[in-house]
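Engineer: Using our numbering, read the sequence shown as starting at 14 and increasing by one per residue.
Every residue, glycine too, gets a C-beta built ideally from N, C-alpha and C.
Just so we're clear, the structure is a prediction, and the values are computed from it rather than from any experiment.
This is the structure I want to talk about, given as structure tokens.
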Amino acid sequence: AWQVREEAATTLGKLGQIAIGHGSDADAINAVNAGGTANAPGAANDVNGAIDAGEASSDNEGSGTTEPAVALRQAMTDAYWQVRLRAARSLGRLRDVAALPVLIEALAHRAGNLRKEAAIALGEIGDPRALPALEAADADPDPEVRKAARLARQRLS
């Protein structure tokens, strides 16, 4: 179900830079890539527990080479915009520069919430190559998207 993929995308964002190799990481990644597994809710709890225990590391921040970042970029093509919204949020938290193309593409999606989240994520990533797309978002019909794009541009300045 898409709800499992949505939760897995959130979990992967929280997973962040925890060292790859724990079984729970693989379960969460598989839930995003395969459309959900029975282990995904347990994986979310395991991963959240690892985060609470302080196992996070920022060694690969922004590299886009971690398994979670790759899985989240793939989740940006999910049929459900809610999954894409959570993936965009997580990619921003991971500061995944490799996600720029999919996040810029999401600025044109019909769902305003997804466009807003993509703008926020682009600001969190902080890459100036996103500026033209964020400037174009000034014409967005949704005031929340325009505000998010403006704030993202301020972060890039």
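For A92, decide whether its Cβ has a neighbour in chain C, counting only Cβ atoms nearer than 8 Å.
Structural biologist: Any reference to chain C falls outside this structure, which holds one protein chain only.
Engineer: Would DSSP call G139 helix, strand or coil?
Structural biologist: The residue you call residue 139 lines up with position 126 of the sequence shown. Looking at G139 - three-state DSSP - the assignment turns out to be coil, as it is neither helix nor strand.
Engineer: Suppose contacts are defined by Cβ-Cβ distances below 8 Å. Is L116 in contact with A92 by that definition?
Structural biologist: Residue mapping note: residue 116 aligns to position 103 of the sequence shown, counting from 1. Residue mapping note: residue 92 aligns to position 79 of the sequence shown, counting from 1. Result no, Cβ atoms of L116 and A92 do not sit closer than 8 Å.
Engineer: Just how far apart, CA to CA, sit V4 and G105?
Structural biologist: The requested residue 4 is not part of the displayed model; the chain covers only 14 to 170.
Engineer: What did DSSP end up calling L120 once you bin it into helix, strand or coil?
Structural biologist: Along the sequence shown, read from residue 1 onward, the residue named residue 120 stands at position 107. Here L120 sits in coil by DSSP.
Engineer: Between V158 and A150, is the Cβ-Cβ spacing less than 8 Å?
Structural biologist: If you number the sequence shown from 1, residue 158 lands on position 145. If you number the sequence shown from 1, residue 150 lands on position 137. Yes, Cβ-Cβ distance for V158 and A150 is below 8 Å.
Engineer: Using the rule of at least 16 other Cβ atoms within 10 Å of the residue's Cβ for burial, across every protein chain shown, is T79 buried or exposed?
Structural biologist: Numbered from its first residue, the sequence shown carries residue 79 at position 66. Flag for T79 reads buried.
Engineer: Going by DSSP, what residue range makes up the alpha helix (DSSP H) through P154?
Structural biologist: Position 141 of the sequence shown holds residue 154. No alpha helix (DSSP H) holds P154; DSSP gives it neither H nor E.
Engineer: Our contact map puts G132 next to A162 with C-beta atoms below 8 Å; I'd like the distance itself, whole angstroms only.
Structural biologist: Locating residue 132 in the sequence shown gives position 119, counting from the first residue. Locating residue 162 in the sequence shown gives position 149, counting from the first residue. The sequence as given places Ala at residue 132; Gly does not occur at that position. Going by Cβ atoms, the distance from A132 to A162 rounds to 4 Å, so yes, they are a contact pair.
Engineer: Check for me: the alpha helix (DSSP H) holding P88 runs from which residue to which?
Structural biologist: Against the sequence shown, residue 88 aligns to sequence position 75. Inspection of the sequence shows that residue 88 is occupied by Ala rather than by Pro. Where A88 is concerned, the enclosing alpha helix (DSSP H) stretches over 80 to 88.
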